[in-house]
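To start, the structure under review is shown below, and the notes come after it.
Chains as they are written, first to last, in the working numbering: chain A, 227 to 359; chain B, 25 to 316.
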């Protein structure tokens, strides 16, 4: 089964969804992402959905779930690059993703979570302790 | 029996088309159809002659069955005429009278020339029913042309009144004018979201100075737009809520759970502040002649 790659950028994780999401893929992504947040001690998750053209209530709920799980693990989720049609669909479905932060593109998303992707892990002294958590 | 009745109308039309035509024009003249000034006499009489001619052929081929294939040319002609009437601004009565005024000349011709060959009641019943259905057909086309006209104008209005303006790098303004219904909200929302993507705007100001009333439905539509913009990563500010509307909204219990400012200027200042910008005076205002 194909999986969606999760890239590590310093203390942030970047997920770029470039294929149409089906339900199995979405569930797998949720599991992989949760495991990865714990293993690298990520403080932010960027989900780039600029290539996603079709969205249904399941995908909408998945985004909400990922945000909730990340929050529990002390990482902030930012959904970036949502297309207008997708945004309208989600609003019409009644999913306004209140727990998720949003940004126009990856660059702004990185700025929003306040983590420089080029900062090595060992340089940040303040959260060395809880990264293993 | 039916064949003889068909024969009544057919033979009268075949032998006395000219007479019926003259009577009909006279009838129309008496009704004042030529004095309206919207259509020339030649044009109207031409239409009448063409209609009678087509009617005669249709009756010869298909009897009085108006919905049959033989009547297709007649129906098409009536459709064209009534569409034209709808665009020219005729009243429904004037349009329908054109067809219904043919009834009397036909009856008269029938009475004069039947010479006891046909059952007059059956023949007039058939003719009456035929004319009525042709008249109804005319009205249907008239009505639908008018509705089309209204729909097209509605579309034009909604297109016209939803411009998205770039106020500053990354700041958009959307001045809304007119009532917000769900269809317009859709257009507004799409326009705004497309512009947000195109310009990479992080702030959007929705100005509702031109919205006459805000009820719960309008508020819901506004909130939908704000929610969709937020999903894409842009913040919305609503501005231009007039005093009376603010009062009405509070009385109705309408909650706009978004940032709102009284004027577009305030909203713009807030948008700039969120970008870390501010507007300052660079010197004291020029007094007297040293302007520019």
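All residues carry an ideal CB built from backbone N, CA and C; glycine is no exception.
Bear in mind that the values here come from a model prediction, so they are computed numbers and not experimental data.
Taking 7 Å as the CB-CB limit, is residue 332(A) close to chain B?
One-based indexing of the first chain puts residue 332(A) at position 106. Residue 332(A) does not count as touching chain B.
At 4 residues or longer, and completely inside the segment 282 to 308 of chain B: list those alpha helix (DSSP H) runs for me, N to C.
288 to 298
Under 8 Å between beta-carbons, which chain B residues line up against residue 308(A)? List them in chain order, please.
For this step, residue 308(A) is matched to residue 82 along the first chain. Neighbours of residue 308(A) on chain B, chain order: 255, 256 and 257.
Can you pull the chain A neighbours of residue 295(B), defined as C-beta to C-beta under 8 Å?
The residue given as residue 295(B) occupies position 271 in the second chain. In chain A, no part has a C-beta under 8 Å from the C-beta of residue 295(B); the shortest such distance is about 15 Å.
Report buried or exposed for residue 257(B), applying the criterion of at least 16 other Cβ atoms within 10 angstroms of its Cβ.
As a first step, residue 257(B) must be located in the second chain, where it is residue number 233. Buried, by the Cβ-count rule.
Which residues in the same chain as residue 58(B) place their Cβ atom closer than 8 Å to its Cβ, once the five residues preceding and following it in sequence are excluded?
Translated into positions along the second chain, residue 58(B) becomes position 34. Hits under 8 Å: 52, 65 and 68.
I want to see whether chain A comes within less than 7 Å of residue 194(B), judged by CB atoms only; does it?
Residue 194(B) sits at position 170 when you count from the first residue of the second chain. It does not: the Cβ of residue 194(B) has no partner Cβ on chain A nearer than 7 Å.
Which of helix, strand or coil does DSSP assign to residue 267(B)?
As a position in the second chain, residue 267(B) is number 243, starting the count at 1. Note: residue 267(B) maps to helix in three-state DSSP.
Need the endpoints of the beta strand (DSSP E) that residue 227(B) sits in, please.
Here residue 227(B) refers to the residue found at position 203 of the second chain. From DSSP, the beta strand (DSSP E) with residue 227(B) extends over 227 to 234.
How long is the line joining the alpha carbons of residue 291(A) and residue 316(A), rounded to whole angstroms?
Here residue 291(A) refers to the residue found at position 65 of the first chain. Here residue 316(A) refers to the residue found at position 90 of the first chain. Distance between the alpha carbons of residue 291(A) and residue 316(A): 15 Å.
Between 249(B), 128(B), 144(B) and 306(B), which has its C-alpha nearest residue 320(A)'s C-alpha?
Counted from its first residue, the first chain places residue 320(A) at position 94. Residue 249(B) is the option with its Cα nearest to residue 320(A).
Based on Cα-Cα distance, which residue from 175(B), 261(B), 33(B) and 110(B) lies nearest to residue 207(B)?
As a first step, residue 207(B) must be located in the second chain, where it is residue number 183. Minimum Cα distance to residue 207(B) is reached at 175(B).
Could you tell me which residues DSSP puts in a beta bridge with residue 132(B)?
Here residue 132(B) refers to the residue found at position 108 of the second chain. In the DSSP output, where bridge partners are listed per residue, residue 132(B) has none listed.
With distances taken between CB atoms, is the gap from residue 191(B) to residue 292(B) smaller than 7 Å?
Indexing the second chain from 1 puts residue 191(B) at position 167. Indexing the second chain from 1 puts residue 292(B) at position 268. For residue 191(B) and residue 292(B), yes; Cβs fall inside 7 Å.
Starting from the beta carbon of residue 300(B), find every residue of chain A whose beta carbon is closer than 7 Å, and list them in chain order.
Position 276 of the second chain, counted from the start, is the residue given in the question as residue 300(B). Within chain A, no residue comes near residue 300(B); the closest Cβ sits about 12 Å away, beyond 7 Å.
Counting C-beta neighbours from all protein chains within 10 Å, is the total for residue 40(B) 16 or more, i.e. buried, or is it exposed?
The count along the second chain starts at 1 and reaches residue 40(B) at position 16. The residue in question, residue 40(B), is buried, as its Cβ has 16 or more Cβ neighbours within 10 Å.
Which same chain residues end up closer than 8 Å to residue 147(B) when comparing Cβ atoms and leaving out the 5 residues on each side of it in sequence?
Residue numbering aside, residue 147(B) sits at position 123 when the second chain is read from its first letter. If we look at residue 147(B) and ignore the five residues flanking it on each side, its Cβ neighbours are 29, 32, 33, 134 and 138.
Just checking, does the segment 262 to 274 of chain B make contact with the segment 219 to 236 of chain B on the three C-beta pairs under 8 Å criterion?
The count of Cβ pairs closer than 8 Å, one atom from the segment 262 to 274 of chain B and one from the segment 219 to 236 of chain B, reaches three, so the stretches are in contact.
Interface residues of chain A around residue 154(B) at Cβ under 9 Å?
Here the question's residue 154(B) lines up with position 130 in the second chain. Near residue 154(B) there are no residues of chain A at all, since even the closest Cβ is about 50 Å away, more than 9 Å.
Starting from residue 66(B), find everything on chain E with Cβ-Cβ shorter than 7 Å and list it in chain order.
No chain E appears in the structure shown, which is made up of the protein chains A and B.
Which complete beta strand (DSSP E) runs does the segment 169 to 248 of chain B hold, if anything under 3 residues is left out?
DSSP runs (the beta strand (DSSP E)) wholly in the segment 169 to 248 of chain B: 189 to 192, 195 to 201 and 227 to 234.
Is residue 271(A) near residue 303(A), with beta carbons less than 7 Å apart?
Looking up residue 271(A) in the first chain gives position 45. Looking up residue 303(A) in the first chain gives position 77. Result yes, Cβ atoms of residue 271(A) and residue 303(A) sit closer than 7 Å.
Relative to the C-alpha of residue 76(B), which residue among 180(B), 62(B) and 43(B) is closest?
Working through the second chain from its first residue, we reach residue 76(B) at position 52. For the residues 180(B), 62(B) and 43(B), the minimum Cα distance to residue 76(B) belongs to 43(B).
Determine, for residue 233(A), whether the minimum Cβ-Cβ distance to residues of chain B falls below 7 Å.
By one-based count along the first chain, residue 233(A) stands at place 7. So no, residue 233(A) is outside the interface.
Mapping the DSSP letters down to three states, classify residue 269(A) as helix, strand or coil.
Taking the first residue of the first chain as 1, we reach residue 269(A) at position 43. Residue 269(A): coil per DSSP, three-state reduction.
What whole-angstrom Cβ distance do residue 274(A) and residue 332(A) have, given they're in contact under 8 Å?
The residue you call residue 274(A) lines up with position 48 of the first chain. The residue you call residue 332(A) lines up with position 106 of the first chain. With 8 Å as the limit, residue 274(A) and residue 332(A) qualify as a contact, their Cβ atoms being about 6 Å apart.
Is it the case that the Cβ atoms of residue 79(B) and residue 105(B) are separated by a distance below 7 Å?
Counted from its first residue, the second chain places residue 79(B) at position 55. Counted from its first residue, the second chain places residue 105(B) at position 81. Their beta carbons are not under 7 Å apart, which means residue 79(B) does not touch residue 105(B) by this criterion.
Using a Cβ-Cβ cut-off of 7 Å, state whether residue 316(A) counts as contacting chain B.
Position 90 of the first chain, counted from the first residue, corresponds to residue 316(A). True, the Cβ-Cβ gap to chain B drops below 7 Å.
Between residue 283(A) and chain B, is the shortest Cβ-Cβ distance under 7 Å, so that the two count as touching?
Taking the first chain and counting its residues from 1, one reaches residue 283(A) at position 57. At a cut-off of 7 Å between beta-carbon atoms, residue 283(A) makes no contact with chain B.
How should residue 228(A) be labelled, buried or exposed, when 16 other C-beta atoms within 10 angstroms of its C-beta is the threshold for buried?
For the purposes of this step, residue 228(A) is taken as residue 2 along the first chain, with counting starting at 1. Flag for residue 228(A) reads exposed.
Which whole-angstrom value is the C-beta distance of residue 197(B) and residue 229(B), which I expect to be below 8 Å?
On the second chain, residue 197(B) is found 173 positions in, with the first residue counted as 1. On the second chain, residue 229(B) is found 205 positions in, with the first residue counted as 1. Contact flag correct, Cβ pair sits at about 5 Å.
For chain B, find out if any of its Cβ atoms is closer than 7 Å to the Cβ of residue 329(A); answer yes or no.
In the first chain, residue 329(A) corresponds to position 103, counting from 1. So yes, residue 329(A) belongs to the interface.
To the nearest angstrom, how far is it from the Cα of residue 161(B) to the Cα of residue 107(B)?
The sequence position of residue 161(B) within the second chain is 137, counting from 1. The sequence position of residue 107(B) within the second chain is 83, counting from 1. Each residue's alpha carbon lies about 12 Å from the other.
Can you pull the chain B residues whose beta carbon is under 8 Å from the beta carbon of residue 322(A), in chain order?
Within the first chain, numbered from 1, the residue matching residue 322(A) stands at position 96. Against residue 322(A), the close residues of chain B are 251, 254 and 255, in the order they occur along the chain (beta-carbon pairs closer than 8 Å).
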